[in-house]
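All residue numbers for the sequence shown refer to the numbering used here, where the first residue is 26 and numbers rise by one.
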Amino acid sequence: MTRIAAAAALLLVLTGCAAPDAHAPPLARVPFEPFSRTAAVAVARQEWRLWGSPVVDQTEAHYHPISAQAMPERQPGLWQEVGLYWWIGQNAGNETAGWTGKYDASGTKFSPAINGRYAWSAAFISYVMRMAGAGPAFPYAPDHAYYIDYAARAAAHSVSNPLLIARDPKIYAPRLGDLLCLGRGRASSLNFADLPARQPFPAHCALVVGGAPGDIDVIGGNVDDEVALTHVPADHAGLVDDRRFDWFVVLQVLYKR
26 MTRIAAAAAL LLVLTGCAAP DAHAPPLARV PFEPFSRTAA VAVARQEWRL WGSPVVDQTE
86 AHYHPISAQA MPERQPGLWQ EVGLYWWIGQ NAGNETAGWT GKYDASGTKF SPAINGRYAW
146 SAAFISYVMR MAGAGPAFPY APDHAYYIDY AARAAAHSVS NPLLIARDPK IYAPRLGDLL
206 CLGRGRASSL NFADLPARQP FPAHCALVVG GAPGDIDVIG GNVDDEVALT HVPADHAGLV
266 DDRRFDWFVV LQVLYKR
């Protein structure tokens with residue numbers, strides 16, 4: 026790159042005109058390899074191991090908050106990792122891209138009491154997709170609702186060349202690399218038929234990383250303030266059969282391989 030070209034590139038960044046994938050490393054931005062389910066699962070599992078390979082199978086009703094000093098997302102090495110999920114997972118220019126596990130984009134430490142405002146589970150999924158080679162066409166977002174609705178519109182043939190398609194978990198068995206999603210809080214009663222919702226709603230999605238007969242293993246971010254694996258019961262046909270969580274939609278990911 027010439028000195029003039031380098032200066033021009035720097036100017037674009039400084040003026041906020043950077044490409045949406047400017048924060049992504051070359052291996053993900055090019056990408057070096059086609060977008061694959063193997064890569065997505067490997068990235069998710071690697072992050073899970075980094076967090077100590079926790080397994081969380083209880084519902085939110087059984088969650089017992091721990092002290093701020095002990096919250097995994099605020100620990101040295103881990104709050105920075107959450108920052109990478111935001112920085113790489115979100116498009117350049119998104120105000121959330123500078124967030125971390127305990128600091129906002131200005132470097133101000135936020136109270137654990139308001140960490141829900143900085144919920145990073147969608148940032149984690151976006152990070153996994155980006156690093157797996159999804160490229161600029163993926164609907165990266167700080168909220169799961171954005172790409173859930175994208176997938177629902179894709180299922181209705183309203184999105185050209187989609188990377189996600191919403192499937193009804195009552196008739197579609199999740200495959201390795203798909204996303205399994207549920208509504209939270211005021212959206213906990215959402216059904217597949219309610220999509221697209223066309224407005225923001227609280228949700229959680231996790232990546233299918235494996236399983237066995239009667240079990241689907243998913244990994245998600247910000248589960249008890251960490252990256253955790255959850256065992257989702259399934260029936261003999263591989264359909265979700267979970268009485269704890271209402272997984273109301275599967276996002277089929279259209280990998281290149």
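Backbone N, C-alpha and C fix where the C-beta goes; we use that ideal spot for every residue, glycine too.
Spatial distance of residue i from residue j (CA atoms)
i: residue 280; j: residue 65; result: 9 Å
i: residue 181; j: residue 219; result: 13 Å
i: residue 275; j: residue 190; result: 8 Å
i: residue 68; j: residue 133; result: 29 Å
i: residue 216; j: residue 174; result: 13 Å
i: residue 137; j: residue 166; result: 23 Å
i: residue 63; j: residue 156; result: 12 Å
i: residue 171; j: residue 259; result: 27 Å
i: residue 273; j: residue 255; result: 16 Å
i: residue 267; j: residue 197; result: 14 Å
Close beta carbons around residue i, own chain, < 6 Å, minus the five adjacent residues each side
i: residue 269; result: 84
i: residue 79; result: 251, 253
i: residue 176; result: 189, 190, 191, 276
i: residue 154; result: 163
Exposure of residue i, with buried meaning 16 or more beta-carbon neighbours within 10 Å
i: residue 95; result: exposed
i: residue 57; result: exposed
i: residue 70; result: buried
i: residue 223; result: exposed
i: residue 119; result: buried
i: residue 188; result: buried
i: residue 229; result: buried
i: residue 186; result: exposed
i: residue 75; result: exposed
i: residue 288; result: This structure leaves residue 288 out entirely; the chain is present only between 26 and 282.
Sequence-distant residues of its chain with Cβ nearer than 8 Å to residue i (five each side left out)
i: residue 98; result: 104, 107, 126, 127, 140, 145, 247, 250, 251
Residue i (DSSP reduced to helix, strand or coil)
i: residue 128; result: strand
i: residue 256; result: strand
i: residue 113; result: helix
i: residue 196; result: coil
i: residue 95; result: helix
i: residue 202; result: coil
i: residue 120; result: helix
i: residue 224; result: coil
Chain-order list of residues whose beta-carbon lies under 7 Å from that of residue i (same chain, five-residue window excluded)
i: residue 168; result: 147, 225
i: residue 209; result: 227, 228, 229
Integer Cβ distance of residue i from residue j, believed to fall under 8 Å
i: residue 203; j: residue 233; result: 5 Å
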